[in-house]
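Just so we're on the same page, my numbering is the position in the sequence shown counted from 1, plus 30.
Heads up, the thing below is written out as structure tokens.
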Amino acid sequence: MPLFQNAAFFTTVNHLRDLPDTRAEVAFVGRSNAGKSSAINTLANRTRLAYVSKTPGRTQHINFFDLGHERFLVDLPGYGYAEVPEAVRAHWVELLGRYLGERSSLIGLLLIMDARHPLKDLDRRMLDYFTPTGRPVHILLSKADKLSRQEQATTLRKVKAELAQYGDTVSVQLFSSLKKQGMDTVEQVVQTWFDAVDAAEVGAVDADNTAADD
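The structure is reproduced here in structure tokens:
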């Protein structure tokens with residue numbers, strides 16, 4: 031069964047102190063209304079696993095979904111939408127920033143951008159903030175169905191060129207929830223991240239056993 035189709039709601043939190051103890055998790059993040067919730071639902075082959083709203087900024091908490099085998103998907107609050115009370119927005123900024131900077135079980139970030147408006151200022155700031163951690167970022171250029179094939183190719187080429195400054199840490203693809211475009215690629219990327227964690231843990235156990243034998 032595909033990785034994301036195992037997804038089941040686990041918990042929702044609004045404060046870092048309430049974060050669950052997990053082994054490995056991958057987080058979805060993006061500008062409000064970039065198509066993040068729709069992407070999660072499409073990948074999970076569900077209609078309402080993640081809440082989809084026509085009103086940007088509705089995701090106000092950190093939502094955890096269990097993928098099985100101690101692996102988790104995390105839906106983070108959207109950023110960049112100003113029409114909420116300042117106190118609420120300030121809380122989101124702190125929650126998001128501290129989670130991304132401090133969460134030890136976070137192994138990679140799936141960054142959603144509207145293919146028609148990629149690499150906005152806040153997207154660049156997100157990349158600049160997260161990439162120094164050394165953990166990978168995979169960008170989904172969502173709503174690709176809104177572009178012609180030629181426009182898709184041009185957009186992807188331009189975004190790849192701008193991302194070259196980040197080296198191999200950041201990758202990108204086209205994605206469409208409506209047309210289910212790019213689903214296999216996302217699965218492969220995230221599976222690779224989880225496999226790397228598994229391999230590292232096995233290596234650590236083998237090293238401990240060798241040391242014990244000595």
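Virtual Cβ for every residue (Gly too), placed ideally from N, Cα, C.
This structure is a prediction, so every number in the text was calculated from the model and none was measured.
The same chain holds no residue with a CB closer than 7 Å to that of V232 once the five nearest residues on each side in sequence are set aside. At least 8 Å separates the beta-carbon of S172 from that of D214. Within 10 angstroms of the beta-carbon of F58 lie 16 or more other beta-carbons, which makes it buried. The distance from the Cβ of I142 to that of K66 is about 4 Å, consistent with a contact at the 8 Å cut-off.
Residue nearest to D225 within the set R101, D105, E116, E132 is R101 (criterion: CA-CA distance). A Cβ-Cβ contact shorter than 8 Å links L140 with V56. Annotation: Q182 is outside any beta strand (DSSP E); the continuous alpha helix (DSSP H) that includes it extends over 179 to 193. Sequence-distant partners of S135 (beyond 5 residues in either direction) whose C-beta falls short of 7 Å from its own C-beta, in its chain, are T52, R53, A54, E55. At the C-beta level, L97 and L103 come within 8 Å of one another.
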